[in-house]
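S.K.:
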Amino acid sequence: MPASQLYCPRPGYQNYEVRLFNRDVRALIKENQQHSLFSEAWADDRVTVVEARDAGEARAIASRRYPPEKGFVISGVASISRR
Numbered sequence: 070m071p072a073s074q075l076y077c078p079r080p081g082y083q084n085y086e087v088r089l090f091n092r093d094v095r096a097l098i099k100e101n102q103q104h105s106l107f108s109e110a111w112a113d114d115r116v117t118v119v120e121a122r123d124a125g126e127a128r129a130i131a132s133r134r135y136p137p138e139k140g141f142v143i144s145g146v147a148s149i150s151r152r
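Residue numbering for the sequence shown follows my numbering, beginning at 70 and increasing consecutively.
1. Taking just the CA atoms, how far does Ile-143 sit from Ala-96?
2. Quick one: residues in its chain with C-beta nearer than 7 Å to the C-beta of Gly-81, no 5 flanking neighbours on either side, listed in chain order?
3. What three-state label does DSSP hand Ile-149 in the structure shown?
4. So for Leu-89, helix, strand or coil by DSSP?
5. Check Met-70 in the structure and name its three-state DSSP category.
Written out as structure tokens, the structure is:
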């Protein structure tokens, strides 16, 4: 994450990089179809940054933002080291 004067990390929290994709979009693209809600970009891994106390909490936060029941799959969670 780039340094910013406005960014103040909370004590006890760190940033996690969460990789995810949408399995429904992937399946539809293989059949040359489009998803009615999500763009084709969701067929590939995308990265979002989540601030959490640990990797499990980061995964839970991401799952709430990107629910599995809507086809989202978390393919990885990694801590982002601070500089």
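From the three backbone atoms N, C-alpha and C, an ideal C-beta is built for every residue, glycine too. Predicted, not measured: the structure shown is a model, and the values here were computed from it.
M.R.: In short, the structure shows the following:
1. 16 Å
2. Arg-122
3. coil
4. strand
5. Here the model assigns Met-70 a pLDDT of 49, short of 50, so the residue's position is not dependable, and the following value carries that caveat. Of the three classes helix, strand and coil, the one that applies to Met-70 here is coil, per DSSP.
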